[in-house]
Amino acid sequence: MRTATTVEASGGWRETADFVVQAEKLGLDVCWVAEAWGSDAPSALGYYAARTERMLLGSGVLQVGTRTPVALAQTAITLANLSQGRFLLGLGASGPQVIEGLHGVAFERPLARVRETVEVVRAALTGEKISYDGGEFRIPRPGGEAVPMRLSARAEHPIPLYLASLSPAMLRLTGRIADGWLGTSFVPEGAGEAYFRHLDDGLAAAGRTRADLDVCQGAEVAFARDEDELRPMLADRKRQLAFSLGGMGSAATNFYHRAYARQGWAEVAAEVRERWQARDREGAAALVTDEMVLGTTLIGTERMVRDRLRDWRESGVDTVRLYPAGETASERLDTLGRAIELVRGAG
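Okay, so the sequence shown: first residue is 90 according to our numbering, each after it adds one.
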């Protein structure tokens, strides 16, 4: 498996940049830069490209709907050329809370919007004139004086495209059109039915196989000396997971909640969400089980984490995205370095 991590450039710019540089020295293969509702990713990616030499850099993710497809293509070309071919374009639909609540853009037909965005981006990357007639985008805009144009910038390197997806329909689309899948809320034991079945349907529809898709899964990694030290760590993660199940997304749309429900925890997830939305945060966290935390993270003793990494690899994960625990950058780097060594040992 390859190793990756994700950073967010909001606050602590110098510290985060130094973390990225040191992560490359540890042997990390890929660094993704998140955007969410914080700092924009492309600005940070350009800076990290100048500070690093070998490591791949990816947008993890740019939210479809907040930029036009051609603007995304321009950004991808710029970052790929600046980094001398080390850029990965990660896109995602996000959700109604961010898209509508923050950007004021309707969260409508996300599947069609993602599909058409990818088609326009790839058309723009060819260097040909851009002419597209879809349900979500029409380029040039009809009824005006404009004629099709081509970008003056040219992509000097291939630009792999990754999609962040959780729902069955979006997973099928990922299998059909993407070079990689950015996933989360991943349980190896339940991934076949919850995720891979849909990805494989999309791959088959496009005449492709799993070998054509980089399966990139992420989880927090933290090491405990023994079970006594592990216990309070699990309690803290239960509160975080309760937020994901009950507070992420809008009141009606929470893709994380649905993902956990599909992997065998539907009843618990529903109860956690109900308690959370009733503002009973402690009650919601108390419903989260040890099994739920351990199943979707890389937390435990070194032996536990090593065994779990083996489970990930055997389930079909190609790239493991590590979120290292630690109070300081130095502690996070120590955790990341230990995890990278374990991944290398797992194959």
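C-beta: ideal position from N, C-alpha, C; glycine also.
Note that this is a predicted model, so its numbers are computed, not measured.
Measure the alpha-carbon distance for Arg93 versus Asp315 and round it to whole angstroms.
This sequence places Ala at residue 93; Arg is not what is there. Going by the C-alpha atoms only, they are around 26 Å apart.
Short check: CB of Ile188 to CB of Arg243, under 9 Å?
no
Verify whether the separation of the beta carbon atoms of Trp354 and Val304 is less than 9 Å.
Contact flag unset, no.
Evaluate Pro237 with the Cβ neighbour count: other Cβ atoms within 10 Å of its Cβ, from every protein chain shown; 16 or more gives buried, anything less gives exposed.
exposed
Could you please give me the residues that DSSP links to Tyr412 through a beta bridge?
Glu309
Extent of the continuous alpha helix (DSSP H) to which Ser404 belongs
Start and end: 391 to 404.
Between which two residues does the alpha helix (DSSP H) holding Val122 run?
It is not in any alpha helix (DSSP H) - Val122 instead sits in the beta strand (DSSP E) that spans 119 to 123.
Our contact map puts Val109 next to Arg140 with C-beta atoms below 8 Å; I'd like the distance itself, whole angstroms only.
7 Å
Would you identify the three-state DSSP class for Arg351, choosing helix, strand or coil?
helix
Proximity to Ala375 [Cα-Cα], best of Glu360, Pro257, Gly384
Closest by alpha carbon: Glu360.
Any contact between the region 312 to 327 and the region 380 to 398? By contact I mean 3 or more CB pairs, one from each, below 8 Å.
yes
Among Arg198, Ala138, Gly405, nearest to Asn170 - alpha-carbon criterion:
Ala138
Could you tell me the alpha carbon to alpha carbon distance between Leu134 and Arg399, rounded to whole angstroms?
31 Å
Where does Thr298 land, buried or exposed, given buried means 16+ other C-beta within 10 angstroms?
exposed
Check whether Gly147 and Tyr251 have beta carbons under 9 Å apart:
yes
Can you give me the C-alpha to C-alpha distance between Ala235 and Pro229, rounded to a whole angstrom?
6 Å
Quick one: grab the DSSP three-state call for Gly181.
Strand, per DSSP.
Where DSSP assigns a beta bridge to Gln417, which residues make up the other side?
Reading off the sequence shown, one finds Thr at residue 417, where the question assumed Gln. According to DSSP, Thr417 bridges with nothing at all.
Alpha carbon to alpha carbon, how far is Gly233 from Ala86? Give it in angstroms, no decimals.
An answer regarding residue 86 cannot be provided, because it is not within the stretch 90 to 436 covered by the chain.
Under the assumption that Phe275 contacts Ala308 (Cβ atoms under 8 Å), give the Cβ distance between them as a whole number of angstroms.
7 Å
Among Leu302, Glu363, Ser132, Arg427, whose alpha-carbon lies nearest the alpha-carbon of Ala373?
Glu363
List the whole-angstrom C-beta distance separating Lys218 from Arg239, where the pair is believed to meet the contact cut-off of C-beta under 8 Å.
Your pair Lys218 and Arg239 checks out as a contact, with CB atoms roughly 5 Å apart and the cut at 8 Å.
Cβ-based neighbour list, Arg326, same chain, cut-off 6 Å, excluding 5 preceding and 5 following
Closer than 6 Å at the Cβ level, and outside the excluded window around Arg326, lie Val382.
First through last residue of the beta strand (DSSP E) which encompasses Ser270:
Going by the sequence as given, residue 270 is Trp instead of Ser. Looking at the DSSP string, the run of the beta strand (DSSP E) that includes Trp270 is 269 to 272.
Count the other CB atoms within 10 Å of the CB of Gly174; is the residue buried (16 or more) or exposed (fewer)?
exposed
Quick check: what's the CA-CA separation for Phe196 versus Val150?
17 Å
What is the rounded straight-line gap between the Cα of Gln152 and the Cα of Glu208?
16 Å
Thr215: buried (16+ other C-beta within 10 angstroms of its C-beta) or exposed?
exposed
DSSP state of Gln366, grouped into three classes?
helix
Close Cβ partners of Leu431 (< 8 Å) along its chain, the five nearest in sequence each way excluded:
Glu391, Val394, Arg395, Leu398
Looking at Ala125 and Leu422, is the spacing between their C-beta atoms short of 9 Å?
no
Under the three-state reduction of DSSP, which class applies to Ile219: helix, strand or coil?
If DSSP states are grouped into helix, strand and coil, Ile219 belongs with the strands.
Pro158 to Gly179, Cα distance in whole Å?
13 Å
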